[in-house]
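Chains as they are written, first to last, in the working numbering: chain A, 14 to 372; chain B, 1306 to 1498; chain C, 22 to 263.
Think of the CB as a built atom: it goes at the ideal place given N, C-alpha and C, for glycine as much as any other residue.
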């Protein structure tokens, strides 16, 4: 299969990436638009000696993930927005117990049952508070099948490396569109787990994996340790940047919105317009420093943040800029999907208007 | 300067006409021909009855947006699809229309809708039936479309069809190929005639 | 001279934090004796649940992972499916197993997961201060049924063992108590059988312990111990299946 070029949906690319990343176990519950992932895993994992189980709910699925992770297996689950909410208690435990796993959220419109149309409404949930307490995921937002394949595979290695869940944040468009994918071997590393996994207390003292710390000093220390880990994760920051730094308008977007935005920016640049493009690939940790460095270069800048939600990533952009330049939110609620032409219009509006000159 | 190859195509019909099948296959043919491709289905409620459409892009360069507001090409299999998408077709764009279900004489504002646009009408249902493949109107359309544009070779098409049908549906290869060839030939005859 | 009695290898020497008269400590001990006798300590993983026994790992010297409230059977499923060679048990209260976790419990049983689930049924939420539980007896006073459990308002006691016994995936199902020496010995035999069923890979095994909660029953330890007999009128003891 290696080197083969196939035409696959984004969700299929995620499943293939998981297999490439050495996934041993999958636990999940059906929800549109990501059902191809469990369907593929139900066929492919048993072939490789792995485990597939459809749970009775998302809550039980995430706790099966917890169990398999505690005994050292490479394990994943996938769902879509409402199902992800149901899993959030388990997310908090997984983070607190420092158990590695890969979670996929193929976002759909919310809140509530919402719809099955494309949305990026779960940005906050993904990067700010996946569950209760001060826990964080390492969050990747792929924007193509190639990236979905590569980042999902890599997610298994990084989850093990940091002993923390890694979230792949996708959406209904990225999940359901088909693109060519070249199945390259990715050399995903195996990270030893001998020093913590529960394998039976043979020839060593028994181990406990727990998150209950009634001693307040212990709990504080645990939280600070997690924080240090999140800081270490900054090594994994990835982004895409098109521009020289002299541009006056920078379009910022992630995931499927970045596809549409990039089309508009590339066209405008070809036409000679002064516009750049910034796409965070890691949403947590957010590429703050890079964005700040772009803001520091050349002219004062307007950052237009295009999102398929009411304006969430804009807050991270504002924090990154810390007062430099101007950040403007261009939000699109679920079902209101802009075309590249709409993005062009927005950018042109700001190119023709300078907020930094006096009235 | 040589013109960059880029085709933006919307395929539309009603559920059951095999729109997604045709769009998917078209993208696969494009990929086998060495292009970058994207295939974006509209899924969800539209799948159950009503119109069903998908967007296929075939391009020499990287494809950023899989969404297209004004496609250069349309493959239209029924009347609601015609009315929905013909206004979005680029000026000078080309629409392949199934005349069995889209009768120009029934569309009062036809002139206004199609001004500056090229419309190629073919009785795709009739042609498919003639090929002994009444269920393969979609493939007939694909054949006719490729007859107009010569995007990919027949060998590429056969390779893609075989791959797409897989082992389970391999028995459908011949009937689909016949429908494709029927559409292809009908367009060539139209052009030479 | 033959040694007749010893401190179980699987029991840690920490002092129990349980209230006077609570049965958790007796059940911990027989669980450890069973693990020792079967020689499975080095390949056993336990699930600590939310409730009075959440500190299971202070006392039982096997690998232990903590699960969110009610999810122990799902966590056990993940462990057993990923590493079938491990012996896996859950240790849950009636609130954990039969209220918040009933879905997880029943589906794990229905799938015939090769795990051993232990439910300590003391008819109240012990750790949170004695609120009503699915297994609270009719007319029993709790902090949230101060006038006693009324069926028209609070429903009826949930008979978990009777439900599980009807499941095809359940290979062993029993209810027992530890309020007399004879019952302690019998309980140990039952618990051993439940683990053997897991080792024989026959399906889900379940043991329910009727257990005293003197503090929340507002009884002294001796009275609470004998009050367990009243519980057996609603929750009869015995091996229901296997």
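Nearest-angstrom Cα separation, counted from residue j out to residue i
i                      : j                      : result
residue 183 (chain A)  : residue 1309 (chain B) : 31 Å
residue 139 (chain A)  : residue 1342 (chain B) : 30 Å
residue 127 (chain A)  : residue 95 (chain A)   : 9 Å
residue 1387 (chain B) : residue 181 (chain A)  : 39 Å
residue 1398 (chain B) : residue 188 (chain A)  : 29 Å
residue 54 (chain A)   : residue 39 (chain A)   : 7 Å
residue 77 (chain C)   : residue 341 (chain A)  : 53 Å
residue 185 (chain A)  : residue 159 (chain C)  : 51 Å
residue 264 (chain C)  : residue 41 (chain C)   : Shown here, chain C extends from 22 to 263; a query on residue 264 (chain C) therefore has no answer.
residue 233 (chain C)  : residue 162 (chain C)  : 15 Å
residue 48 (chain C)   : residue 64 (chain A)   : 33 Å
residue 1333 (chain B) : residue 140 (chain C)  : 56 Å
residue 1477 (chain B) : residue 1470 (chain B) : 7 Å
residue 123 (chain C)  : residue 147 (chain A)  : 29 Å
residue 25 (chain C)   : residue 55 (chain C)   : 15 Å
residue 131 (chain C)  : residue 354 (chain A)  : 55 Å
Cross-chain neighbours of residue i in chain B, by beta carbon under 8 Å
i                     : result
residue 193 (chain A) : 1336, 1341 and 1342
residue 126 (chain A) : The contacting residues do not exist; residue 126 (chain A) stays about 13 Å from chain B at best.
residue 291 (chain A) : Within 8 Å Cβ-Cβ: nothing; residue 291 (chain A) doesn't reach chain B, min ~14 Å.
For residue i, the three-state DSSP class (helix, strand or coil)
i                      : result
residue 322 (chain A)  : coil
residue 22 (chain A)   : strand
residue 231 (chain C)  : strand
residue 142 (chain C)  : strand
residue 42 (chain A)   : coil
residue 1426 (chain B) : strand
residue 339 (chain A)  : strand
residue 47 (chain C)   : helix
residue 1457 (chain B) : coil
residue 301 (chain A)  : helix
residue 1446 (chain B) : helix
residue 1378 (chain B) : strand
Within chain A, partners of residue i - CB distance below 8 Å
i                     : result
residue 156 (chain C) : The premise fails here: residue 156 (chain C) is roughly 22 Å from chain A at the closest Cβ pair, so nothing lies under 8 Å.
residue 128 (chain C) : 68, 69 and 73
residue 88 (chain C)  : 76, 79, 80 and 106
residue 117 (chain C) : What residue 117 (chain C) touches in chain A: nothing, since even the nearest Cβ is about 12 Å away.
Beta-carbon spacing of residue i, residue j below 9 Å
i                      : j                      : result
residue 361 (chain A)  : residue 1344 (chain B) : no
residue 1371 (chain B) : residue 1314 (chain B) : no
residue 278 (chain A)  : residue 343 (chain A)  : no
residue 1328 (chain B) : residue 1373 (chain B) : no
residue 273 (chain A)  : residue 1369 (chain B) : yes
residue 42 (chain A)   : residue 82 (chain A)   : no
residue 1481 (chain B) : residue 1444 (chain B) : yes
residue 165 (chain A)  : residue 17 (chain A)   : no
residue 263 (chain C)  : residue 218 (chain C)  : yes
residue 220 (chain A)  : residue 211 (chain A)  : yes
residue 1437 (chain B) : residue 1485 (chain B) : no
residue 157 (chain A)  : residue 117 (chain A)  : no
residue 208 (chain C)  : residue 193 (chain C)  : no
residue 67 (chain C)   : residue 79 (chain A)   : no
residue 107 (chain A)  : residue 75 (chain A)   : yes
residue 1338 (chain B) : residue 1363 (chain B) : yes
7 Å Cβ cut-off: residues of chain B touching residue i
i                     : result
residue 273 (chain A) : 1370 and 1372
residue 164 (chain A) : Near residue 164 (chain A) there are no residues of chain B at all, since even the closest Cβ is about 18 Å away, more than 7 Å.
Partners in chain A for residue i, counting only beta-carbon separations shorter than 9 Å
i                      : result
residue 1345 (chain B) : 186, 189, 190 and 191
Residue i beta carbon near the ligand NAD (any heavy atom closer than 8 Å)
i                    : result
residue 97 (chain A) : Although the ligand NAD was asked about, the structure shown includes no ligands whatsoever.
Contact list for residue i against chain A, beta-carbon separation under 7 Å
i                     : result
residue 63 (chain C)  : 213, 214 and 215
residue 266 (chain C) : This structure cannot settle anything about residue 266 (chain C), because the visible part of chain C is limited to 22 through 263.
Neighbour flag for residue i against chain E, beta carbons, 9 Å
i                     : result
residue 279 (chain A) : Going by chain labels, chain E is absent from the structure shown, which instead holds the protein chains A, B and C.
Chain B residues whose Cβ lies nearer than 9 Å to that of residue i
i                     : result
residue 354 (chain A) : 1374 and 1375
Listed by chain order, chain C residues near residue i by CB distance under 7 Å
i                    : result
residue 83 (chain A) : 86 and 100
Neighbouring residues, chain C, relative to residue i (Cβ below 8 Å)
i                    : result
residue 64 (chain A) : 102 and 103
Practice problem: Could you please tell me which residues of the segment 88 to 114 of chain A, in chain order, have their CB closer than 8 Å to any CB of chain C? | Solution: Flagged, chain order: 88, 102, 103, 106 and 110.
Quiz item: In the segment 1356 to 1374 of chain B, which residues sit with their C-beta less than 8 Å from some C-beta in chain A, listed in chain order?
Solution: Listed by position, the residues of the segment 1356 to 1374 of chain B near chain A (Cβ gap below 8 Å) are 1368, 1369, 1370, 1371, 1372, 1373 and 1374.
Quiz item: Given a limit of 8 Å on CB to CB distance, which residues of the segment 1323 to 1335 of chain B reach chain A?
Solution: For the segment 1323 to 1335 of chain B, residues whose beta-carbon sits nearer than 8 Å to a beta-carbon of chain A comprise 1329, 1332 and 1333.
Self-check item: Residues of the segment 74 to 86 of chain C whose Cβ lies closer than 7 Å to any Cβ of chain A, in chain order
Solution: Contact residues of the segment 74 to 86 of chain C toward chain A are 75, 78, 82, 83, 84, 85 and 86 (C-beta to C-beta distance below 7 Å).
Practice problem: Please list the residues of the segment 94 to 107 of chain C that have a C-beta atom closer than 7 Å to any C-beta atom in chain A, keeping them in chain order. | Solution: Listed by position along the chain: 95, 96, 97, 98, 99, 100, 102, 103, 104 and 107.
Quiz prompt | Short-range partners of chain C found in the segment 18 to 41 of chain A, where Cβ spacing is below 8 Å | solution = Close to chain C, meaning a Cβ-Cβ distance shorter than 8 Å, are the following residues of the segment 18 to 41 of chain A: 37, 38 and 40.
Quiz item: Taking Cβ-Cβ distances below 8 Å as the criterion, which residues of the segment 125 to 159 of chain A are in contact with chain C?
Solution: Of all residues in the segment 125 to 159 of chain A, none is placed with a Cβ closer than 8 Å to any Cβ belonging to chain C.
Exercise. Please name the residues in the segment 217 to 235 of chain A whose beta-carbon is closer than 7 Å to at least one beta-carbon of chain C, in chain order.
Key: Taking 7 Å as the Cβ-Cβ cut-off against chain C, the residues of the segment 217 to 235 of chain A that qualify are 219, 220, 221, 222, 223, 224 and 225.
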